[in-house]
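Notes follow once the structure below has been shown.
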Amino acid sequence: MKGDAEGRPMLYVFSTCTHLIRTLPAMQHDPLKPEDLDTEVEDHAVDEARYAAMSRPQVGKTPAGARRPAVIRKVQSKAKSKRTKESVPC
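Quick note on full-length UniProt numbering: the sequence shown kicks off at 1 and runs consecutively.
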């Protein structure tokens, strides 16, 4: 599994994840769908780990000096002006 830029793991499994530790080694690929697991065995904990990992995708870094597309600048400008107009003095 690929780590982050410093070589650290991007997923940690703690000893308290007993169901994942028990079921992960038994997982096999589905022979008809190689990108999926065979669901004939207990796979709930493995599914939870997969969903957790996919809910936090790695965000790419913007290269130094890169310019933002005009559409992003326009949306940010509109959002900023809307926040300013909606501000209510205390």
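Note that the Cβ used here is the ideal one computed from N, Cα and C, for glycine as well.
Just so you know, these numbers come straight off a predicted model, no measurement behind them.
Residue i versus residue j - alpha carbon distance
{"i": "residue 13", "j": "residue 34", "result": "24 Å"}
{"i": "residue 59", "j": "residue 78", "result": "24 Å"}
{"i": "residue 48", "j": "residue 17", "result": "11 Å"}
Cut-off 7 Å between Cβ atoms - residues of its own chain near residue i, not counting five sequence neighbours on either side
{"i": "residue 53", "result": "11"}
{"i": "residue 19", "result": "45"}
{"i": "residue 3", "result": "9, 10"}
{"i": "residue 38", "result": "28, 29, 30"}
Same chain, Cβ closer than 8 Å to residue i, five either side skipped, listed in chain order
{"i": "residue 70", "result": "none"}
{"i": "residue 36", "result": "29, 30"}
Check: residue i C-beta below 7 Å from any heavy atom of the ligand ATP
{"i": "residue 84", "result": "With respect to small molecules bound, the structure shown includes none, and the ligand ATP cannot be examined in it."}
Item to check | Ranges of the alpha helix (DSSP H) found wholly within the UniProt region "Disordered" (51-90), counting only runs of at least 4 | outcome: 70-86
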